[in-house]
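What follows is a single structure, written as structure tokens, with notes after it.
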Amino acid sequence: MNKIETHPHEIFIPARATVMIIGSFPGRGHTEKDNKEWYYESKRNQFWKIIGAVYQRDLSDVHKKQQLFAEKGIAIGDLFYKVIRKKENNSDSSLQVIAYHDKALSQIFKKNNFEKILFTSKFVEREFRKLFPAIENIATLPSPSPRVATISIAEKIEVYRLVLPG
């Protein structure tokens, strides 16, 4: 029987954030209460490897990741709040959305005027547009998933470097 999983993290909004990165939902096993990991920390996810390369920083713990995002004015959160996994994998297409983070995100968008909102996949962008059709200045980053191998990690790093704040 598929269980409902609830997102374990607060949306991270540093002071003076100008960019927000929005993903889908944590990977399998990352919603357990005793899990100390943060956004996109599954072993195979390339997100922090890409971000570390863009900023040439050691991002080996949550504090360093949050410190970097606070310095650069980057907010981070996920669009989905509660899901059921239709398959035992981390694919966005396996997620059945039970609840969105739409109320929290609505409040965040009222209080913050982001220059850019970036998505970690086309799937997340499509779902976001259903909830927030009036929001502009959006773009989709290459997926940090190693399953999306249409471009190399080096190419992903270059795209992120061009889009993220300096």
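Position 39 (the sequence shown) corresponds to 97 in this note's numbering; numbering is contiguous. Just so you know, even glycine gets a beta-carbon here, dropped at the ideal spot from N, CA and C. Predicted model only: the values in this text are computed from it and were never measured.
Reduced DSSP secondary structure (H/G/I, E/B, other) of L153: strand
Sequence-distant residues of the same chain with beta carbon closer than 6 angstroms to I132, five excluded per side: V77
Chain-order list of residues whose beta-carbon lies under 8 angstroms from that of F8 (same chain, five-residue window excluded): Residue numbering for the chain in the displayed model covers 59 to 224; residue 8 lies beyond these limits and cannot be assessed.
When I80, I69 and T64 are compared against F181, the one with the closest alpha-carbon: I80
Option in Y113, V112 and P84 with minimal Cα separation from D136: P84
Reference N61; option with closest CA among K107, K130, E146 and L126: The sequence shown places Lys at residue 61, not Asn. That would be E146, whose Cα lies nearest to the Cα of K61.
Three-state secondary structure (DSSP) of A133: strand
Meets three-Cβ-pair contact criterion under 8 angstroms: the region 118 to 130 and the region 153 to 170: no
Environment of I109 [buried if 16+ CB atoms lie within 10 Å]: buried
Between the CA atoms of N170 and R74 - distance to the nearest angstrom: 8 angstroms
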